[in-house]
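**Q** The first sequence begins at 995 in the numbering used here and counts up by one. Structure below; questions to follow.
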Amino acid sequence: MQKASLVKGTRDFGPIQVAKKNYIFDTIKKVFKSYGFAPLETPSMEKIETLTGKYGEEGDQLLFRILNNGDILPKAESNFDSNRALKSAISDKGLRYDLTVPFARYTAMNMHALKMPFKRYQIQPVWRADRPQKGRYREFWQCDADTIGTRSLICELECIEMFDKVFSALNLPVVIHLNHRKLLEAIAIHLGFEGEFEAFTVAIDKMDKIGFDGVVKELESKNLDTSKFENAQSLLTTFDFESKQLKDLDETLTSVLATQAIKDLSEIRGYYNQLDNDIVLDTSLARGLSYYTGCIFEVKLKEGGFGSVAAGGRYDDLTEVFGVKDISGIGISFGADRMYDVLEDLNLFPQEMSKMTDVLICPMDKDVFSFALQTARKIRNNTQQSCLVYPKEGKLKKQLDYANALNAQYAIIIGSEEVEKNEVSIKNLNSGEQKNMDLTQLIELLK
RNA sequence: GUGGUUGUAGCUCAGCUGGUUAGAGCACCGGUUUGUGGUACCGGGGGUCGUGGGUUCGAGCCCCAUCUUCCACCCCA
């Protein structure tokens, strides 16, 4: 016999967990649909060359590769000068790392049929060969919405609104962090890091974690000149997302790049009045994925938890590697598994998630089965309630126990007395209240 | 990928410096009550102590390996 076990960093979802997960998916889906996004699904696996080189060196290492079928040994026996060469000889497929790149691939292949701007949403699992931690899985679900084929800043606004709506619908207070890649570049140049943009962003992205002094140390450890960095603290921080702050920032930076970014941000700011959640301009936000070129977002929990529960940004050249130029796009992604964990921790899933049925019918002996089944049929055909007949007679205690385990709202008790009077005994399992009535009254009650 | 950490019944854990048949609470099952649950009482099942080696007269406890968990770094949802 073999011990049953799971692959590291993966998990099962039982009936209640699936209901909870669907609650998250449904909430997100509803918002996506209300903004006119249409569904798309792509295969779990992609050609390895579709995936590699899109997420940087680190990302490539985290790709799950699929071993080729057939006789790989002769190939493997040849001399390869590197792991990389060997890998590509024995594996030409991989599991998708995110949903954005498969979408770019899809777009490139279907340009002829897509009416721009094209808006799609996609809710599917992705895989990363990461070392698992809390809130960090090797298989997890992303919920993406992207708009491509337009540079309109209305899309940025929609992203912000969708973040706001989803988290507000889930009763999960968050802070939406907003930044602009060009603003970040302008700041980098202003602080003397021209040509060292990557190292600069990697360092300042850790601001909230290691603090200002930590960032200085990090930069120095990479032999970067931090002489102009002393006035950076007031520049790399979170600002209220208001026009006054934007104007001040523009005046401090006085560069073309900064002005472009501020213009975008001001326009977006002009499009809305009130959100349920907080939003800040966070100039220390530097999303790692290198394909972003405009606005970038990250949604963080107001209290504790993981790094971020949702993120996104604008990218200009994602389809270019597939031969399709000048398609600007913007997309966001919700991390369903992290959201699941937080909602669980904070006990924010609605009560009915654990309800397996609304009504349990309890037949006392075999003679009443047909009456019980008839009652069930009536309930199913005439009400919205789900209904289940306990498939074995006897022991009311046992049956009521079962009803509790299923979190049912009503138990309908049917014995020979009830059949004789052509009625049922219905018990409200929350209040304990119980009364007898005929089937017409029962349907009326359950409607 | 680097450094650390964890692993005892379904769950949360106890188990003294290695010493006879490994414990508790909760959960589960049965009964008290063969037609009334979620609160009471009585009883019961269930563990090759993550796995594989080793040291020892003897290992849940020590050593090695491996897997798993969680944490930090890296990166990220």
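Note that beta-carbon positions come from the ideal geometry of N, C-alpha and C, so glycine has one too.
Quick test of your reading: F1026 and Y1115, contact by CB under 8 Å. State the CB separation rounded to the nearest angstrom.
**A** About 4 Å; that satisfies the 8 Å criterion.
**Q** Who pairs with Q1428 in a beta bridge, going by DSSP?
**A** Note: Q1428 sits in a beta bridge opposite K1421.
**Q** Pick out whichever of G1317, A1193, G1329 has its Cα sitting closest to the Cα of S1284.
**A** Selected option, being the one with the closest Cα: A1193.
**Q** Might you give, ordered along the chain, the residues of its own chain that have their beta carbon closer than 7 Å to the beta carbon of D1219, omitting 5 neighbours on each side?
**A** If we look at D1219 and ignore the five residues flanking it on each side, its Cβ neighbours are G1186.
**Q** Which class does E1292 belong to by DSSP, given the choice of helix, strand or coil?
**A** E1292 falls in the strand class under three-state DSSP.
**Q** Along the chain, where does the alpha helix (DSSP H) that runs through Q1254 open and close?
**A** Taken as a continuous stretch (DSSP letters only), the alpha helix (DSSP H) holding Q1254 covers 1250-1263.
**Q** Using DSSP with H/G/I as helix, E/B as strand and the rest coil, what is Q1127?
**A** Strand at Q1127.
**Q** What first and last residue would you give for the alpha helix (DSSP H) that runs through Q1368?
**A** Run containing Q1368: 1363-1376, per the alpha helix (DSSP H) assignment.
**Q** For the alpha helix (DSSP H) containing V1001, list its first residue and its last residue.
**A** Element bounds for V1001: n/a, residue is neither H nor E.
**Q** Are the CB atoms of E1314 and S1302 within a distance shorter than 9 Å?
**A** For S1302 and E1314, no; Cβs fall outside 9 Å.
**Q** From L1275 to E1152, what distance separates their C-alpha atoms?
**A** Cα-Cα distance, rounded: 17 Å.
**Q** Under 9 Å between the Cβ atoms of L1354 and L1390?
**A** It is not a contact, given that the beta carbons lie outside the stated cut-off.
**Q** Ordered along the chain, which non-local residues of its own chain (more than five positions away) have a Cβ less than 6 Å from that of N1400?
**A** Reading off the sequence shown, one finds Leu at residue 1400, where the question assumed Asn. Excluding residues within five positions, the ones whose Cβ falls inside 6 Å are M1350, T1351.
**Q** Rounded to whole angstroms, what is the Cα-Cα separation between L1034 and S1237?
**A** Those two C-alpha atoms are separated by around 37 Å.
**Q** Only counting the same chain, and skipping five residues up and downstream in sequence, which positions put a Cβ closer than 6 Å to that of S1249?
**A** If we look at S1249 and ignore the five residues flanking it on each side, its Cβ neighbours are A1180.
**Q** Just the Cα atoms here: how many angstroms apart are D1155 and P1167?
**A** According to the sequence displayed, residue 1155 carries Glu and not Asp. Cα to Cα, the separation comes out at about 14 Å.
**Q** From the DSSP output, in three-state form, read off I1321 for me.
**A** Coil at I1321, not helix or strand.
**Q** Using a Cβ distance threshold of 8 Å, determine whether the segment 1054-1066 contacts the segment 1119-1126, with at least three qualifying pairs required.
**A** At 8 Å Cβ cutoff, the stretches touch.
**Q** Pick out whichever of G1053, A1304, N1424 has its Cα sitting closest to the Cα of E1346.
**A** Selected option, being the one with the closest Cα: N1424.
**Q** With a threshold of 16 other CB atoms inside 10 Å of the CB of Y1265, please say whether the residue is buried or exposed.
**A** By the neighbour-count rule (16 or more Cβ atoms within 10 Å), Y1265 is not buried but exposed.
**Q** Name the one or two DSSP bridge partners that M1308 has.
**A** Rather than Met, the amino acid found at residue 1308 in this sequence is Arg. R1308 pairs with I1324.
**Q** Which residues bound the alpha helix (DSSP H) around R1099?
**A** Taken as a continuous stretch (DSSP letters only), the alpha helix (DSSP H) holding R1099 covers 1094-1104.
**Q** Per DSSP, H1174 forms a beta bridge with which residues?
**A** Partner(s): C1289.
**Q** Determine the direct distance from the alpha carbon of I1326 to that of A1305, and round the result to whole angstroms.
**A** A1305 and I1326: Cα-Cα distance of roughly 6 Å.
**Q** So, are the CB atoms of M1358 and G1329 less than 9 Å apart?
**A** Not in contact: M1358 and G1329 (Cβ atoms no closer than 9 Å).
**Q** For S1150, which residues in the same chain have their Cβ closer than 6 Å to its Cβ, ignoring the five residues on either side in sequence?
**A** Here residue 1150 is Glu; the residue named in the question, Ser, does not match the sequence. Excluding residues within five positions, the ones whose Cβ falls inside 6 Å are I1262, C1289.
**Q** Going by beta carbon distance, what residues of the same chain come within less than 7 Å of K1441, once the five residues before and after it are set aside?
**A** These residues qualify, in order along the chain: T1377.
**Q** Determine, using beta carbons only, whether A1252 and D1242 come nearer to each other than 9 Å.
**A** No, the pair does not count as a contact, with Cβ atoms beyond the cut-off.
**Q** If I measure Cβ to Cβ from R1005 and keep anything under 6 Å in the same chain, skipping five residues before and after, which residues do I get?
**A** Hits under 6 Å: none found.
**Q** Identify the continuous beta strand (DSSP E) that holds R1114 and give its terminal residues.
**A** Per DSSP, R1114 belongs to the beta strand (DSSP E) from 1112-1121.
**Q** Helix, strand or coil: which one does DSSP assign to A1032?
**A** If DSSP states are grouped into helix, strand and coil, A1032 belongs with the strands.
**Q** Is T1231 closer than 9 Å to S1278 when the C-beta atoms are compared?
**A** Yes, they are a contact pair.
**Q** Run the CB neighbour count on P1385, radius 10 Å, all protein chains shown included, and call it buried at 16 or more, exposed below.
**A** P1385 should be labelled exposed.
**Q** Figure out for me which residue from R1145, I1408, M1201 has the closest Cα to the Cα of M1110.
**A** Looking at the Cα atoms, R1145 is the closest of the given residues.
**Q** In chain order, what residues of the same chain lie with their CB nearer than 8 Å to the CB of E1214, ignoring the 5 residues before and after it?
**A** For E1214, where only same-chain residues beyond five positions count, the Cβ hits under 8 Å are T1220.
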